[in-house]
Structure formats: C-alpha cells, structure tokens
Amino acid sequence: MKSTFIFILVFALVVTVNFAFSKTIFQDDFEKDKVGNPPSRWVGCSADGQIFEDPLKRGNLVMGVIKQNVDCGVLADTDVLSEYIVEWDWMWQNAEWHSMTIHQEKPGENYHFSRNPDANAWEMWVRTGGNWPGPFVVGKYATDLNKWYRCQFTVNKADIAFKIKEKDDNTPFDKIKSVVEMRGEDDRFKKGKFGVNENPGSFLDNVLIYIGKPSPVEGKGKLTTTWCRIKSRLI
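Note that our numbering has the sequence shown beginning at 10, numbered continuously upward.
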C-alpha cells in the first residue's frame with residue numbers, strides 16, 4: 010500500500026511540474042459545438058467552416074470546411090504570439106491541398122504550410138500580396154487517407170518546425186525528427202494568428218496551443234489514458 014501511495018505521489022508531482030513549465034493559450038476539442046455550425050471559439054469561418062461528426066468515430070465532433078480554399082478558423086487568441094507550440098489531430102479524405110497558416114497578419118499575408126496532393130510531400134510557402142514568392146521548404150512523410158495523425162508546429166518567430174506521427178503513436182514529439190524546418194530562409198513574418206486554409210475533405214480535432222514545455226494533455230483523452238495505465242499497474 011505504501012508503494013502505491015508513493016507511485017501516485019510521484020505521478021502527481023510530474024504532472025504538476027509539467028504544468029508549471031507550460032502555459033496553455035488555447036485548447037478546443039469542439040465537443041461544445043453543434044454539427045452544421047461554425048466552430049464557436051474560432052473566427053473567420055462564417056458558414057464555410059463547420060462542425061462535423063468524426064467519420065471514423067461516431068459521436069466525436071471535429072472541425073472541417075465545406076467550400077474550396079476557405080481561409081477559416083484563424084485564432085484570435087494567437088494574434089500577438091511570436092513563440093508557441095501548436096498540436097492538433099489531422100485527417101484527410103481526398104488528395105487535395107490541405108493547409109495551415111502561421112503568423113497571419115491579415116488574409117493572404119502569412120506563412121502557408123501544406124500537405125501536397127501526392128500525400129508524401131509537405132511544403133512551407135510564403136503568401137504575400139496575393140502571390141506565392143519563394144522560398145519554400147519541402148519535407149517527406151508518407152500519410153494515408155481516412156486515418157488520424159497528430160501534428161505539431163514549434164514556432165519561434167520565423168523559425169518553424171513541423172512534426173507528425175500517427176495519432177495512436179505514444180512517442181513524445183521531442184523524440185521525433187522534424188519533417189519540415191524553416192530556419193532563416195525567410196523572416197518577413199514574425200508574429201500573427203494561427204489558422205486554417207483548407208479544402209473540403211479535411212478534418213481537425215483536439216487543438217492545443219501552449220508556451221513552454223509540452224503539457225501532459227496532448228489532445229483529448231491523453232491525460233486520462235496515462236492515468237488508466239497507472240491504475241492498471243496498481244490493480
């Protein structure tokens with residue numbers, strides 16, 4: 010019984026220390042929203058960004074778009090941030106361009122990160138003045154349609170790193186190699202909003218934005234899963 014108490018105490022201390030060194034800026038699993046409505050905590054979506062039922066898990070609510078090239082879901086909470094980490098679940102149903110935006114000063118002025126239609130290439134672009142000037146950075150990571158992945162951006166002004174893994178992969182992101190890194194290739198954007206520039210057939214869930222060390226809560230259910238594993242050791 011004594012060893013059980015010590016194990017629980019150590020776990021509590023680990024969780025407390027992790028939270029002490031990180032600050033959550035934004036977290037959304039879309040469960041408080043309604044299917045067919047825009048996500049309530051995001052801006053810029055209008056009726057083109059909507060809440061859907063997860064195609065792979067009945068009853069789970071996720072975010073998607075219904076119109077091509079929708080600049081949707083720019084987070085007002087991140088408009089002054091220059092350094093942060095964002096994690097989210099991402100799934101695709103078709104071979105279109107599927108993209109996120111970083112440091113958006115205004116629509117069409119931002120870094121633009123895309124999953125290439127060939128499903129293996131990932132590209133960081135500059136978007137400004139309605140044009141797509143260089144440079145852009147390319148990385149390789151093979152993905153499948155109709156499968157959830159967990160993604161991460163580490164943003165430090167114009168230095169941006171992207172990592173990805175299968176959602177069920179428990180490997181910490183700090184043990185995973187970056188797929189794309191932008192390190193000084195361009196520095197015209199250093200702060201701004203984080204958001205989505207999407208096509209239909211893409212879904213997002215469990216968005217987490219924080220500053221500092223990784224939080225114990227990496228998307229919906231992660232903390233609960235950890236606690237269940239600990240309980241199974243004690244029974």
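Glycine is no exception: its CB is placed at the ideal position from the N, C-alpha and C atoms.
Bounds of any beta strand (DSSP E) do not take in Arg67, whose DSSP letter is neither H nor E. Secondary structure of Thr180 (DSSP, three-state): coil.
Rounded to the nearest whole angstrom, the C-alpha separation of Arg50 and Phe39 is 9 angstroms. The secondary-structure analysis by DSSP pairs Asn103 with nothing; it has no beta-bridge partner. Under the three-state reduction of DSSP, Thr152 is assigned to coil, being neither helix nor strand.
Short of 7 angstroms from the beta carbon of Ser108, and not among the five residues preceding or following it, lie these beta carbons of its own chain, in chain order: His121, Phe122, Ser123, Asn206 and Glu207. In this structure Trp141 is exposed. Its beta-carbon is surrounded by fewer than 16 other beta-carbon atoms within 10 angstroms. Looking at Glu190, Ala130 and Glu114, the one whose alpha-carbon comes closest to that of Gln161 is Glu190.
Across the set Asn78, Phe145, Leu90 and Arg136, the C-alpha of Leu90 shows the shortest separation from the C-alpha of Phe35. If you look at Leu217, you'll find it in the beta strand (DSSP E) that goes Ser211 to Gly221. In this structure, the straight-line span from the alpha carbon of Asn129 to that of Lys222 is close to 29 angstroms. In this model, Gly139 and Gly117 are separated by some 6 angstroms (Cα to Cα).
His112 places its beta carbon 7 angstroms or farther from that of Asn103. Within the same chain, and ignoring the five residues on either side of Ile220 in sequence, the residues whose Cβ sits closer than 6 angstroms to its Cβ are Lys32 and Tyr93. Contact between the stretch 185-204 and the stretch 166-175 is established, with three or more Cβ pairs separated by less than 8 angstroms.
The C-beta distance from Glu114 to Gly58 rounds to 20 angstroms, too long to fall under 8 angstroms, and the pair is not in contact. The beta carbons of Val79 and Phe212 sit about 13 angstroms from each other, so the pair does not count as a contact at 8 angstroms.
Counting along the chain, Phe122 sits inside the beta strand (DSSP E) bounded by residues Glu118 to Arg124. Beta-bridge partners assigned by DSSP to Ser108: Ser123 and Asn206.
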